[in-house]
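Protein chains: 2
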Amino acid sequence: MQSADARFKRNSLFLALRRYTSAVSEMEQTILLPSLLRDMPSDEEWDCEAAEETCKDLHGDYLMLKAIRNIVESGLIPLDDRKAKNNMALNETLTLEPLLDTDPEALFQFHVRGLFSVMSDLTKKTESLTEKYMDIIGVAN
Amino acid sequence: MQSADARFKRNSLFLALRRYTSAVSEMEQTILLPSLLRDMPSDEEWDCEAAEETCKDLHGDYLMLKAIRNIVESGLIPLDDRKAKNNMALNETLTLEPLLDTDPEALFQFHVRGLFSVMSDLTKKTESLTEKYMDIIGVAN
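Residue numbers (our numbering), protein chains in the order written: chain A, -10 to 130; chain B, -10 to 130.
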C-alpha cells in the first residue's frame, strides 16, 4: 500500500524544485570541463529556432540548466530578461487575455502544475546531459 | 537609490507566497464569524459561471482563499481536483500543445511569472475580503 507520505513526496512542488537543484549540482560536479560540450549537437526536442542562444549545442544546454537553477535558488522573477522575446512569442501563442477573467484558483493550479511539469522535464534533461558528458569522456556509469 | 536588496524582495516569488499566507492568516484571525459572509454577493471580476462552487458569495471567496493557502503551505500538487473541469476548460482555452516544443527556459519563466502574478492578485483579494468583513460588522479600519 502506498503511504500518504510517499504520495506527499511525489507530488510536492518544493521537492520537484529541490530535486532539480540537486541534479544541477551533480551535473556541475561531474562536468569538470564544460568546454568539451561545445559543438556537440543538442538532441533536445524543443524549438531551437526560437531559442538560438541557449540550445544550439550541449554547452548551451549546460548554461541554460545552470541559469534556471540560479533563478530557482534565488526565487527571483527575472525582469531584465534575455528571453523576453521568446516569452512574448509564448504569451502570444497562449493568448493570455482569457486568463484575466478566469477563476484564480484554477489559474493558480494551472501555473503550479505547469511549474511542476517543467521542473520534472528539466531534471530529466540535466541527468541526461550528465550521462552524455560521461560518454564523451569515456567513463561508464 | 533603490537597493539591490529592495529589488530582490519585491521580485521574489517566495516572498509573494509568504505575503499571501500572511494575508490569509490575518483574514482568519479577523473573520471570527465567517457565516456572516454568506449570501453577500462577491463583486470579484472573475468568471463566476465557470467556478460556481467557489465564488457565488463572499463566503465562497473566503473558503477558496483558505484552500489555496493550504496548497501553498503544503507545496502539494492537487491531484483529486474539484477544479479539474475548470482546469480542462482553461487548458483548452490556452491550447497547450505548442508549449510542448517550447524552449523550457521560456516555459519555466512563463509559469514562475504567472504564479507571481496570481499570488499578488490573491493577496489583494484576501486583504479586500478582510476589509469587507470589517465593514459588515461595523468596525472601522
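By construction, the Cβ of each residue, glycine as well, lies at the ideal position given by its N, Cα and C atoms.
Closest Cα partner of residue i within the set the options
i                       : options                                : result
isoleucine 60 (chain A) : A:Val13, A:Leu118, A:Gln98             : A:Val13
proline 93 (chain A)    : B:Glu120, B:Ala56, B:Tyr122            : B:Ala56
valine 107 (chain B)    : A:Val128, A:Ala95, A:Pro30             : A:Ala95
leucine 4 (chain A)     : B:Lys121, B:Leu65, B:Asp50             : B:Leu65
leucine 26 (chain A)    : A:Arg102, A:Tyr51, A:Met16, A:Thr10    : A:Tyr51
glutamate 62 (chain B)  : B:Tyr122, B:Arg8, B:Met123             : B:Arg8
glutamate 118 (chain A) : A:Leu54, A:Arg102, A:Val101            : Residue identity differs from the one stated: residue 118 (chain A) is leucine in this sequence, not glutamate. The residue with the shortest Cα to Cα distance from leucine 118 (chain A) is A:Leu54.
serine 1 (chain B)      : B:Leu104, B:Ala129, B:Leu111           : B:Leu104
glutamate 15 (chain B)  : B:Arg58, B:His100, B:Met29, B:Asp46    : B:Arg58
serine 11 (chain A)     : A:Glu120, A:Ala129, A:Glu116, A:Asp124 : A:Glu116
isoleucine 28 (chain A) : A:Ile20, A:Gly49, A:Glu17              : For the record, residue 28 (chain A) in the displayed sequence is aspartate; it is not isoleucine. The shortest C-alpha separation from aspartate 28 (chain A) is found at A:Gly49.
Helix, strand or coil at residue i according to DSSP, with G and I counted as helix
i                       : result
alanine 129 (chain B)   : coil
glutamate 120 (chain A) : helix
Continuous alpha helix (DSSP H) stretch holding residue i: start and end
i                       : result
methionine 16 (chain A) : 2 to 19
methionine 53 (chain B) : 47 to 63
Buried versus exposed call for residue i [16 or more other C-beta atoms within 10 Å across all chains shown]
i                      : result
glycine 127 (chain A)  : exposed
glutamine 98 (chain B) : buried
serine 31 (chain A)    : buried
lysine 72 (chain A)    : Residue placement at lysine 72 (chain A) is flagged as unreliable, the pLDDT there being 49, under the threshold of 50; a coordinate-derived value is accordingly withheld.
leucine 22 (chain A)   : exposed
lysine 114 (chain B)   : buried
tyrosine 122 (chain A) : buried
aspartate 69 (chain B) : Residue placement at aspartate 69 (chain B) is poorly supported in this model, since its pLDDT is 48, which falls under 50; the coordinates are not used for a value here.
Relative to chain A, which residues along the region 92 to 111 of chain B have a C-beta separation below 7 angstroms, given in chain order? Those residues of the region 92 to 111 of chain B that come within reach of chain A (Cβ to Cβ, closer than 7 angstroms) are Asp92, Pro93, Glu94, Ala95, Leu96, Phe97, Gln98, Phe99, His100, Val101, Arg102, Gly103, Leu104, Phe105, Val107, Asp110, Leu111.
Along the region 12 to 32 of chain A, what residues have a CB closer than 9 angstroms to any CB found in chain B? For the region 12 to 32 of chain A, which is checked against every Cβ of chain B, not one residue is closer than 9 angstroms.
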